[in-house]
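Numbers given in the numbering used here equal positions in the sequence shown, counted from 1, plus 232.
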Amino acid sequence: MSQAKRSPGDVLRASRKKDSQTKRAKVLATLDAMDERGETISFTAVARAAGVSNWLVYAEGVREHIEAAMTGQAKARRRRSQAGADASAASLATDLALVREENKALREERDRLRKAVQRSLGAQLDQVGTRELTARIDELLAAVERLTLERDAIRAERDELNAKLAAAEDDLAAAREAGRRMMRYVNLDSSAPGASTS
């Protein structure tokens with residue numbers, strides 16, 4: 233039996249349908265990859281990553297998947313926050329302030345030791361021999377080295393806390409932006425003609 237010849241319109245419609253299916257599959261694959269990498273998911277971010285137009289990510293059959301992923305990320309963030317897995321920006325700021333105070337105290341202690349060394353050396357120069365003086369200097373140099381290492385460790389901890397604070401602030405800003413976008417979409421969707429009232 234011979235197959236009926238397709239008209240140019242049929243060919244065009246079939247081509248468009250295939251192109252749409254390909255793009256939708258690409259969007260869903262991109263969405264899965266972003267979710268696995270832990271990237272913040274939004275309609276705009278998915279459209280940009282998949283290289284498709286914004287209207288496609290809002291299309292029926294695609295929108296629901298993105299909404300579900302955004303909801304899942306929001307729930308996961310809440311669970312981590314409740315479990316104490318994510319340090320809040322406020323707690324990081326408190327830790328940073330404590331490190332700064334410790335660093336200040338360490339600098340003051342170093343200055344006191346320096347003055348004590350100067351006074352001690354001045355008082356002992358006439359009372360001890362060269363061997364005893366050399367041993368005392370070695371002890372003082374070891375103390376200075378120990379304090380220097382402690383200072384460097386505190387600086388490293390301070391830098392790490394600064395980085396964590398910056399990352400927490402970025403995460404908070406991204407979450408707020410995602411929330412605002414979701415609310416705008418919900419408001420637009422609910423006010424659209426023919427929107428469901430259930």
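Where is the CB? At the ideal position from N, CA and C, for every residue including glycine.
These numbers come from a predicted model, not from an experiment.
Check: Spatial distance of A400 from A257 (CA atoms); Outcome: 33 angstroms
Check: K443 (DSSP reduced to helix, strand or coil); Outcome: Nothing can be reported for residue 443, as the shown portion of the chain is limited to 233 through 430.
Check: Three-state secondary structure assigned by DSSP to R344; Outcome: helix
Check: CA nearest to the CA of Y417, picked from G241, Y290 and L260; Outcome: Y290
Check: Cut-off 8 angstroms between Cβ atoms - residues of its own chain near V433, not counting five sequence neighbours on either side; Outcome: What the structure shows of the chain is the stretch from 233 to 430, and residue 433 is not part of that stretch, so it cannot be assessed.
Check: S352 versus R342, E334 and L372, residue with shortest Cα-Cα distance; Outcome: L372
Check: Straight-line Cα distance separating E292 from R413; Outcome: 18 angstroms
Check: Close beta carbons around L345, own chain, < 6 angstroms, minus the five adjacent residues each side; Outcome: none
Check: Given L379 as reference, the closest of K237, N335, L244 and Q305 once Cα atoms are compared; Outcome: N335
Check: Straight-line Cα distance separating E392 from D343; Outcome: 26 angstroms
Check: Same chain, Cβ closer than 7 angstroms to N419, five either side skipped, listed in chain order; Outcome: none
Check: Cβ pair L407, R309 closer than 8 angstroms; Outcome: The amino acid at residue 407 is misidentified as Leu; the sequence shows Ala. Yes; because the gap between Cβ atoms is below 8 angstroms, this pair is in contact.
Check: Per-residue burial, S274 [other beta carbons within 10 Å of its own, 16 or more giving buried]; Outcome: buried
Check: Alpha-carbon spacing of Q253 relative to A282, whole angstroms; Outcome: 14 angstroms
Check: Whether E377 touches V331 by CB criterion (8 angstroms); Outcome: no
Check: Exposure label - V243; buried when at least 16 CB within 10 Å; Outcome: exposed
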